[in-house]
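The numbering used here puts the sequence shown at residues 2 to 90. Every residue gets a Cβ at the ideal spot worked out from N, C-alpha and C, and that includes glycine. Heads up, the thing below is written out as structure tokens.
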Amino acid sequence: MIDPKESLIEYPCDFPLKVFGEAQQGFAQAVAAVVQAHAPDFDSATIEMRSSSNARYISLTCVIRATSREQLDNLYRDLTSHPMVKMVL
2 MIDPKESLIE YPCDFPLKVF GEAQQGFAQA VAAVVQAHAP DFDSATIEMR
52 SSSNARYISL TCVIRATSRE QLDNLYRDLT SHPMVKMVL
């Protein structure tokens, strides 16, 4: 059995985050600000955006240089608690 405190990820590594929310003004900027608070070297110009078929929702893919499980846990916690964010994968 794997210890829940152990990580299957070797750090540091490039780690993609997919963030979903309603298409609205300032969504990408808000997500970028949260990501940069946890990964200061993140370049917001690298964000990939994709709209849903009806353009109601948008997904953002942000690839960060992850340095620890704690960093990822804190980043997920802040993103999922943001009022503009519907889901994070």
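Check: For ILE65 versus PHE28, is the C-beta distance shorter than 9 Å?; Outcome: no
Check: Less than 9 Å between the C-beta atoms of VAL35 and ASP74, yes or no?; Outcome: no
Check: Taking the DSSP output, what are the residues bridged to LYS87?; Outcome: LYS87 is not bridged to any residue.
Check: Measuring only the C-alpha atoms, how far is ILE48 from THR62?; Outcome: 6 Å
Check: Are there 16 or more other CB atoms within 10 angstroms of the CB of ALA33, so buried, or fewer, so exposed?; Outcome: buried
Check: Flag this pair as yes or no: are the beta carbons of ILE10 and ALA67 separated by less than 9 Å?; Outcome: yes
Check: Excluding the five sequence neighbours on either side, which residues of its own chain have a C-beta within less than 7 Å of the C-beta of ASP42, listed in chain order?; Outcome: ARG66
Check: With H, G and I counted as helix, E and B as strand and the rest as coil, what does DSSP make of THR62?; Outcome: strand
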